[in-house]
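Those protein sequences? They're chains A and B, same order as listed.
Just so it is clear: in the first sequence, position 46 is 46 by this note's numbering, and no numbers are missing.
Just so it is clear: in the second sequence, position 456 is 624 by this note's numbering, and no numbers are missing.
Beta carbons: idealized from backbone N, C-alpha and C, even for Gly.
On a predicted model such as this, the values are computed, not experimentally measured, just so you know.
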Amino acid sequence: MEFTFDLEKNKEKILEFKEFILEHRKMPGALIPVLQEAQVKFGYLPQEIMEMIASGLAVPASKVFGVATYYSQFTFIPKGKHNISICLGTACYVKGAQDILEEFENILGIKGGETTPNLQFSITDCRCVGDCSKAPVVVVDEDVYAKVKKSDVKDIIAKYSQEVECVD
Amino acid sequence: MINREELHRIRESHKPELEAKLLANGTAEMRDGRLVLAGDYYKKQTRVALKNSGLIDPKNIDDYIAFDGYRALEQVLSEKTQKDVIDLMTEANLRGRGGAGFPTGRKWNEAYGIQANQKYFLCNADEGDPGAYMDRNILENDPHAVIEGMAIGAYAVGASQGYIYVRAEYPVAVKMLRIAIEQAREYGLLGKNILGSGFDFDLDLRLGSGAFVCGEGTALMESIQGNRGMPRMKPPRTSHKGLWQKPTILNNVETLACVPIIFQKGAEWFRSIGTEKSPGTKVFALVGKVENAGLVEVPMGMPLNEIVNDIGGGVTNGKALKAVQTGGPSGGCIPLDLMDTPVDFESLAKIGSIVGSGGMVVMDEDTCMVDISRFFLEFTVDESCGKCTPCRLGTRRMMELLDKITEGKGTLDDLDDLEQLAKDIQKSSLCALGQTAPNPVLSTLKYFRSEYEDHILNHKCSAGVCRNLTAYEIQEDTCKSCGICKKNCPVNAITGDKKAEIPFVIDQEACIKCGVCYQDCPFDAITK
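This is the structure:
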């Protein structure tokens, strides 16, 4: 999915981050610490930020991308406020986890591995979570939902949407 | 900034206070005139690297100082030349605890002998072995021991800058290190002119970003330099050309934690513990199917069964011990009949395993050895950096062969191919990750070959782990028709009815072999 990094909305963070790059310009081997700071600040590594790092530290953009893609901790897709993991282990799969995944995808309008444009939800299809007797299992953040039915999906999403509104 | 006199004052005034507190709250007891952690679990242990763990507050430098902390550094700086320090380390014969077992004194001597305008001293805290966490424990509970060890080593080789490369997955360790470095700087134990001796040494932290291979020396240095953490060709050794091509010493956390106490008590004392060729102690992470899982520190050379049975309390649930895996993905599986092997560098190497970083995974009869070697191989396939072909492609091919076998599609030729590939990868890989990746496969092939053959010839996995080769069955004579299995089966593969007196059976076609029925049956009526 295309995801545009909102430069306007992140203006302040970007200014702070540019300051951080400046402070670390002279530090030997600064690239990884700077990438780590970027990920903490923005939650992921947008292309715009990686380009900013390249010019700020005077290293080729290809090197910034090369290093960032090497390490498993860096992510290039933003994660939503709530992360929905749908277990696609064998037991869950047989009990209709695929249907449930599709229901989540339809309602939220995104595919597995993506994040909603309003940054509220991400969907992850994961391997076995080890709760086979409760299949099919859906995990939202740290809450485990057992024996989920297709008709439950709407309510689960609504629960977190409400919480989001309250927080905002 | 404090001076030597003030260091003494802190020690003298704080020690009785701390001792009284620990004895009063029952945390510790006196043994041979020294304070140690209370409890039976610790009685058979000899704690050297872990001597302060659990006793001191890692956030309080005065606690560390009270138990002779920074005494060794102070003496080294005021009384010993660089050569003296190296000689004492060589005499003590402390061997690297990160896995390779290289003599620390010899390593330091290499870097000492080279002229350079800048040298570096690094600490390897990138502990990534699945099932090992001794370094994390030391960093979280006794960070100053590592800092003091580094300062002594840096003085010996003539390094003025150090880095601790620590996993980002260890946030508490990172926090404790940050606090400890800050406090050491405040006291003047790091920075310029340490304790008025004219020696300068400062430290920085670098966080890993989730690449197992960065625990390898050259890859770690590439990563600190801001590159992809890929290993370089050796030679040149890093003690000649390491970080930014300058002479660099890299020691593991546990190794460094042993350094201060060696200087306090002398080389002879250290050599009196352990074996002749592997002196001192080693911390093991005793995990898996063992009663008292946890960290144990014992003299090198203690027989394996003493560690597993006497300290670990044997296998859980009264099951039979099958094997002990040591050394993580680079190590091997030790079978039951070799359980009296002394645990030291030489003895384990002789039987095809390694001490490694100290992971010790106990396995019982429910563990499938083919599945275990596949598990470790999957890990190395994921973590191979991809720079050299034998490791990148060879380990993947090995895993495919193991997949075939666990699915019941293997042939005896596959075993030969597996063995040949394993030997080729060992010989031709660039770094230790590839060179040791075949070890779990080779050791299981050596000691548990019949299990592989059972998978191939009889399509049977006796441990009941490999799903394609396992069938769950309900034994009619022990079944009480309680219906728990039927209720919990995720795919409704179990039929039966108590009232209608229809016996419970599993439909083998529909069964997905998740094992839920086997685990849940209160009467052990289900077999596999």
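Label D585 of chain B either buried or exposed according to how many other C-beta atoms from any shown protein chain fall within 10 Å of its C-beta, with 16 as the threshold for buried.
D585 of chain B is exposed by the Cβ-count criterion.
Near I670 of chain B, which residues of its chain fall below 8 Å by C-beta distance, leaving aside the five closest residues on each side in sequence?
Excluding residues within five positions, the ones whose Cβ falls inside 8 Å are T663 and G664.
Within the 9 Å Cβ cut-off, does P33 of chain A reach chain B?
Interface residue, yes.
Count the other CB atoms within 10 Å of the CB of V342 of chain B; is the residue buried (16 or more) or exposed (fewer)?
Flag for V342 of chain B reads buried.
What are the partner residues of I674 of chain B, as DSSP defines its beta bridges?
Beta-bridge partners of I674 of chain B (DSSP): B:I662.
Residues near G481 of chain B in its chain [Cβ-Cβ closer than 8 Å; skip 5 each side]:
These residues qualify, in order along the chain: V458, E459 and N460.
Does any C-beta atom of chain A lie closer than 9 Å to the C-beta of W412 of chain B?
At least one beta carbon of chain A lies nearer than 9 Å to the beta carbon of W412 of chain B.
How big is the Cα-Cα spacing for V381 of chain B and L545 of chain B?
Here the alpha carbons of L545 of chain B and V381 of chain B stand approximately 14 Å from one another.
Which residues in chain B sit within 8 Å of K81 of chain A, going by Cβ to Cβ distance?
In chain order: nothing, as chain B lies at least about 21 Å away.
Assess, as a yes-or-no matter, whether the segment 516-534 of chain B is touched by the segment 489-501 of chain B under the definition of 3 or more beta carbon pairs within less than 8 Å.
A contact exists between the segment 489-501 of chain B and the segment 516-534 of chain B.
Looking at the structure shown, is H24 of chain A part of a helix, part of a strand, or coil, going by DSSP?
Per DSSP, reduced to three states, the secondary structure at H24 of chain A is helical.
What's the C-alpha gap between Q643 of chain B and A693 of chain B?
Spanning the two alpha carbons is a distance of roughly 5 Å.
To which residues of the same chain is S122 of chain A closer than 6 Å at the C-beta, ignoring the five residues directly before and after it?
K79, G80, N83 and T115.
Identify whether C87 of chain A lies in helix, strand or coil by the three-state DSSP scheme.
Correct three-state label for C87 of chain A: strand.
Distance between C650 of chain B and D99 of chain A (C-alpha atoms, nearest Å)
Cα-Cα distance, rounded: 32 Å.
Is it buried or exposed for E247 of chain B, if we count other Cβ within 10 angstroms and need 16 for buried?
Result: exposed.
Would D294 of chain B and L218 of chain B be called neighbours here (beta carbons separated by less than 9 Å)?
Cβ distance not < 9 Å, so D294 of chain B and L218 of chain B don't count as in contact.
Nearest neighbour of D208 of chain B, chosen from B:G201, B:E197 and B:R202 [CA to CA]:
Of B:G201, B:E197 and B:R202, the residue nearest in Cα terms is B:E197.
Could you list which residues in chain B have their beta carbon closer than 7 Å to that of A203 of chain A, in chain order?
Residue 203 of chain A lies beyond the stretch modelled for chain A, which goes from 1 to 168, so this question has no answer here.
Could you check the C-alpha separation between C166 of chain A and E12 of chain A for me, to the nearest Å?
Only weak support is given to the placement of C166 of chain A: the predicted model assigns it a pLDDT of 46, under 50, and the value that follows is read from those uncertain coordinates. Taking the straight line from one Cα to the other gives about 25 Å.
Are there three or more Cβ pairs, one per stretch, closer than 8 Å when the segment 474-491 of chain B is compared with the segment 267-274 of chain B?
Taking one beta carbon from each stretch, the segment 474-491 of chain B and the segment 267-274 of chain B have fewer than 3 pairs nearer than 8 Å; the two do not touch.
Quick one: is C559 of chain B near chain A, going by C-beta distance under 9 Å?
Not one chain A Cβ lies under 9 Å of C559 of chain B.
At 8 Å on the CB atoms, spell out the chain B contacts of V67 of chain A, in chain order.
Within chain B, the residues near V67 of chain A are G394, N395 and R396.
In the structure shown, what three-state DSSP assignment does C126 of chain A receive?
C126 of chain A falls in the strand class under three-state DSSP.
Starting from the beta carbon of F74 of chain A, find every residue of chain B whose beta carbon is closer than 9 Å, and list them in chain order.
Using a Cβ-Cβ cut-off of 9 Å, F74 of chain A is close to S377 and G378 of chain B, given in chain order.
For F5 of chain A versus E37 of chain A, is the C-beta spacing smaller than 9 Å?
No, the pair does not count as a contact, with Cβ atoms beyond the cut-off.
Distance check for A348 of chain B and G43 of chain A, CA to CA, integer angstroms please.
Computed Cα separation, rounded: 29 Å.
Would you say A353 of chain B and G296 of chain B are within 9 Å of each other, going by their C-beta atoms?
The amino acid occupying residue 353 of chain B in the given sequence is Arg; Ala does not appear at that position. Taking 9 Å as the Cβ cut-off, R353 of chain B and G296 of chain B do not qualify as a contacting pair.
For P117 of chain A, decide whether its Cβ has a neighbour in chain B, counting only Cβ atoms nearer than 9 Å.
No, P117 of chain A does not count as interfacial toward chain B.
Based on the DSSP secondary-structure assignment, which residues constitute the bridge partners of Q329 of chain B?
Within the DSSP bridge table, the entry for Q329 of chain B names B:Y288 and B:D370 as partners.
Cβ-based contacts, 7 Å cut-off: residues of the segment 666-682 of chain B near chain A:
Taking 7 Å as the Cβ-Cβ cut-off against chain A, the residues of the segment 666-682 of chain B that qualify are I680 and C682.
My output table needs one value for L7 of chain A: the three-state DSSP class, helix, strand or coil.
Note: L7 of chain A maps to coil in three-state DSSP.
Just to check my reading of the structure: G330 of chain B and L371 of chain B have Cβ atoms closer than 8 Å, yes? What is that Cβ distance to the nearest angstrom?
Yes, they are in contact, since the Cβ atoms of G330 of chain B and L371 of chain B sit about 5 Å apart, within 8 Å.
First and last residue of the beta strand (DSSP E) that includes I417 of chain B?
Judged by DSSP secondary structure, I417 of chain B falls within the beta strand (DSSP E) whose first and last residues are T416 to N420.
Counted within 10 angstroms of its Cβ, other Cβ atoms place A91 of chain A as buried (16 or more) or exposed
Buried, because 16 or more other Cβ atoms sit within 10 Å of the Cβ of A91 of chain A.
Are the CB atoms of T563 of chain B and T548 of chain B within a distance shorter than 9 Å?
A contact, by the Cβ cut-off of 9 Å.
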